[in-house]
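See below for the structure under consideration.
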Amino acid sequence: MQVVNCLACSEPLAQGASFCGNCGAEAVLDAQNPELRVLTIQFIDLVGSTALASASALEVYDDTIAAFHTMVNEVVTTYRGTVLQRYGDGVLSCFGLGHDGEDSALSAIAAGLSIARSAPAKLYGQNVRVGIDSGQVMCRVGQSGTLFPQLAGLHVNRAARLQEQAPTGGVVISGETRSFLSRLAELDITRCDKIALKGIDAPVDVIGVAGFTFLEQADTGRPLLERDRELSILTGQSATTFALIGPAGIGKSAVLSELTRRIAPTPVLSLHARANLSQTALLPVAEAVRGELSLTDASSLPSLRAGLSGIGIALSDQDLNLMANVLGLHEATPVSLPPEQQKARRIGLMTSALRKIVSHKAAALAFDDFHWADEESATVLRNLIEDPDFTTRLIITSRRSDQITALISEIGIRAVDLQPLSDKAARDALAPYSDLTEPTRRAILSRAEGNPLFLLALAERARQLGKQAGDVPLPRSIEATFQAIINALGPLKEVVQCLSVLGRVVDPDHARLLLPDRDSLDDELRVLTINGILHARRDGLTFDHALLRDAAYEMLPGKRRRALHLLFADQLRQHDPALVARLPELLADHVLAAKAHDQIPSACIAAGIRMLMAANFDPAITYLESAQKDMENQVKGQTVTREEYLPVLSLLASAQVQRLGFSHPTVLDSYKKLESAVGYAKGTDRQRMITLYGLFAHRIISGDVAASRELVDQMKTLAANGADELSVLWLVNNTAQRLYSGDFAAAEASSDALKRLYRVEDHGMLFVELGADPLASVLSADAHILVRKGDKTGAIAAIEAAKTHLNTIGATAQLPWIHIFGAQAFFEGGHMSLALREVQTGIDIADEQSAGFWSLIGRLWQSLLWIYDGNLDTAPEAFEGYISHASAIGAQLNLPFYNAVLARVRAARGDLVGAQALIRDAAALIEKRGEREWQSRFEAISAEIERAIAQGEAVGAFGSDNPKLT
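Heads up: the sequence shown begins at 663 in my numbering, then just goes up one per residue.
This is the structure in structure tokens:
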């Protein structure tokens, strides 16, 4: 074979040479069959180079030209183009030698825009002009199979003439180049003229481009194969709510995309759940609502109100602020509602917002990747489905999961299962890959087993390998195929791997935090988007598929992966503290993945507290348990002495109580561990005091009043010579312990001491940590003490003062307790009508707040009051049921008195033996647990039953025969 001239430098090539002796470029063989390829040609000119040469020293000119060539070469290479020729102050490049024309056209434009924007800073103030043209070019094949374009003078001339039409610092393209971009991006066009260019026969469309925007849902151009049955169901009239179910890669999102196209012009509002941040309540719903209302973090509350008004929603100031919190607006402030009430309210608000948006837009609704949805987002979806007035078409995509199975079975939505492609459809899917040999095609079909994602990933990998495809074994899984594709990305491989640390959805600002030293990152992100590794979406970028992200993540060595998570956590903490404060779980997730043992406890505490305040108990438990186990694993069986250990155990016990109830074995184990840790774990006096407060509350609610005394004594020791706050914490529990022990004088003295110390400005936010305000607690105790002195007016005033104080400081979660506890006091004082009113109010507030515990306790006492008011027909059975329920969750405070009341009911019904047995059990409990607040009533009932037994007749009914209680 005879070699003629080097295509790169035009110097003669030696006979049989593989490379040019002059420039080192690969030799091209004349005899090889040429290949016709659609290429995009780019010509860049350094503006004013002649004037620069005449006005500058030679060294300055040379440095500028060298910097120009370096900059152009780096950017062109980043965008996977090839520099063909340098003309001193001009550079000729082409794009598309290894990619199709559409991708290469956008790559050339993106590269040109990048060079034009960065030139003044990198070229000492000089600018460039860029011209871009596309068309078919004959390519010849080098020794190793590399393509070399045989550019005719026309190609070079068109690109060069186009750049002459560009303004200084601008980019122009031809109409041919523009025609390739319809499916990928929308151009920001500054001009569009048809101009006769010098040396070109026909006029050329000259289009000025200032930028472009990636289309959020780019059409792949591939037909959707063998999904007509499913699409017919989804677009039919037999149902309006569907669950599109199938394994990863089966094509759920592709079907959803095709459905969106088919039902056009009906818009589709899409919600996307994420694998990362799956613990963040309402994230998919909030992201969709933010986008539809055109809100950002910096949006104002008036902007939110205006946006909601536009869809027919008017909110109170409190609800508006609550919604602003959910949507992540910086102006939002904390809302003074109990966690359970906040949770119920925000679910209701977001349900209403979604309903109004889809109604206003006459849109369909889609929820993609539902298997990653958080509990509250799932509840919003369930609310919509169960609403008979919500008739919008709703499509859910999900892998098989307990959550989607429950929706299907409980609500009866239509399930549509996606099956693998048949052999024929799979072969049709490979039709665009005309370069595949038949053996390679058969191998791909066999390996993919009808999974569309696996099929196309294998085909893409085979195309990467080119003529080597038949010699290199195909990967055995989707993940391995993606990893092979990522490996072939060259320098971009590291970028893809690092981005995987951020999750499937990538915020470009976060990418910059993770890769701070990568100067060309913005260009690289555009390249990855052009080439389909990433896709643009309204709030950033996303990996083409979750499995692609997972494959990139698994490629990272463990040490490198942990280092990246830690780097991002540090950068996030430093550069975006507002986000860390709003989403502490984001920081906690990265710190946990980094195994940064020194940071895990504090990060998980912050995430756990946020989840507790939002009444999301399962995620709170997850984060707090992670912190606990990490600290315990670090000491390998020894005692944990870190200061964070006590707060973690205390918060964990609190979360478990609220999730599982007081008597659950897990809760009991947690409190045992917490009680043990108080004796050895490091911690401040305040941390120990908060821990002892929680232990005391658990013992008191369980009815073990005597055993709670030792905890109060420990609190007293900590409070001695300490800050007033420590004394307030000791005194509130001392007051309670004395009250339940029946020592009313000591309880009154303790309450008075606390009231002298308590200051709203210093102690008014303790309820956030404790779950109860100390002042309100002792005021309610005062009511019990005062009625026993016959001071009804004082007791009422104490309860009213407690209510006013709670509303003032925003501790409204305690209101049900104050009403119910007040009802107990009025009952003891003989004021039955007042007691019944108070307990009903407490129940109503508890129900409004979704406070299940206080709703139960309120109904328990309501049924007790009904019994004392003479209802022996239905009230006793209800009372006994509530007692059983309360005992089952570990709430056994007042149980001796409850048993005495049941004994009195049995005696009234003639069952004196049963009544006597209950009285004996109650007496034993009083002796064992030391609970004597209701001692006088117990003794009265016991004596009455003993008299009845002695006389051999039933006792009288409650009610009118008991003047004290009428």
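Yeah, the Cβ is synthetic: ideal placement off N, Cα and C, and Gly gets one too.
- CA-CA distance, Thr1303 to Leu1428, rounds to 26 Å.
- Judged by DSSP secondary structure, Leu1027 falls outside any alpha helix (DSSP H) and instead within the beta strand (DSSP E) spanning Ala1026 to Asp1030.
- With fewer than 16 other beta carbons inside 10 angstroms of its own, Gly898 counts as exposed.
- Excluding five sequence positions before and after Ala1006, the CB atoms of its chain that fall closer than 6 Å to its own CB belong to Ser1512, given in chain order.
- Non-local beta-carbon contacts of Leu1115 in its own chain, meaning distances under 8 Å to residues more than five positions away in sequence, involve Ala910, Gly911, Ile912, Gly913, Ile1140, His1207 and Leu1209 in chain order.
- If you draw a straight line from the Cα of Tyr1333 to the Cα of Ala1315, it is about 6 Å long.
- Contact between Gly750 and Ile727 holds: their C-beta atoms lie close to 7 Å from each other, under 8 Å.
- Judged by their CB atoms, Gln704 and Ile794 are nearer to each other than the 7 Å cut-off.
- Bridge pairing for Ser796: Thr702 [DSSP].
- Ranked by Cα distance from Arg1199, the options Ala719, Gly1592, Ala847 and Ala1565 are led by Ala847.
- DSSP, read as helix, strand or coil, puts Phe1052 in coil.
- Residues Leu1136 of the same chain have their beta carbon placed closer than 6 Å to that of Ala1105, with the five preceding and five following residues left out of the count.
- Boundaries of the beta strand (DSSP E) harbouring Leu933: Val930 to His934, taken from the DSSP string.
- Shown here, Val1310 sits in a helix according to DSSP, grouped into three states.
- Each of Ala1562, Leu1248 and Glu892 was checked against the Cα of Ile1262, and the nearest Cα belongs to Leu1248.
- The alpha-carbon of Leu1286 is positioned some 47 Å away from that of Ala772.
- Bounds of the beta strand (DSSP E) holding Leu906 are Thr903 to Ile907.
- Spatial neighbours of Gly1384 in its own chain (CB-CB distance under 7 Å, excluding positions within 5 residues in sequence) are listed in chain order as Asp1347.
- Under the three-state reduction of DSSP output, Val709 falls in the coil class, being neither helix nor strand.
- Secondary structure of Gln747 (DSSP, three-state): strand.
- Leaving aside the five residues that flank His1033 on each side, the residues in its chain whose CB is nearer than 6 Å to its CB run, in chain order, Ser1060, Arg1061 and Ser1063.
- Counting only residues of its own chain and dropping the five nearest sequence neighbours on each side, Ala994 has a CB closer than 7 Å to the CB of Asn983, Ala986 and Asn987.
- Each residue's CA atom was taken as its position, placing Asp1331 and Val1319 some 11 Å apart.
- A Cβ-Cβ separation of about 6 Å places Lys1257 in contact with Arg1224 under the 8 Å criterion.
- If the five residues before and after Arg1361 are omitted, its C-beta is found closer than 6 Å to the C-beta atoms of Ala1369 and Ser1370, all from its own chain and listed in chain order.
- In this structure the stretch 1336–1353 lies against the stretch 1288–1306, because at least three pairs of beta carbons, one per stretch, are closer than 8 Å.
- By the C-beta density criterion, His934 is buried, having at least 16 other C-beta atoms within 10 angstroms.
- Secondary structure at His1259: coil, using DSSP grouped into helix, strand and coil.
- Between Ala1276 and Pro1246, the gap from beta carbon to beta carbon reaches 7 Å or more.
- The Cβ atoms of Ala1250 and Ala1240 lie no closer than 7 Å to each other.
- Separation of the CB atoms of Gly974 and Leu957 is rounded to 17 Å, and the pair is thereby denied contact status at 8 Å.
- Excluding residues up to 5 positions away in sequence, His1227, Phe1230 and Ala1231 lie with their Cβ nearer than 6 Å to the Cβ of His1252 in the same chain.
- The C-beta of Asp1292 has 16 or more other C-beta atoms within 10 Å across all chains shown, which makes the residue buried.
- Using a C-beta cut-off of 8 Å, the stretch 938–952 makes contact with the stretch 1039–1059, since at least three inter-stretch Cβ pairs fall below that distance.
- Nearest to Gln747 by C-alpha distance, out of Val737, Ala1025, Tyr741 and His731, is His731.
- The beta carbon of Leu859 sits closer than 6 Å to the beta carbons of Arg823 and Val866 from its chain, once the five residues preceding and following it are set aside; these are given in chain order.
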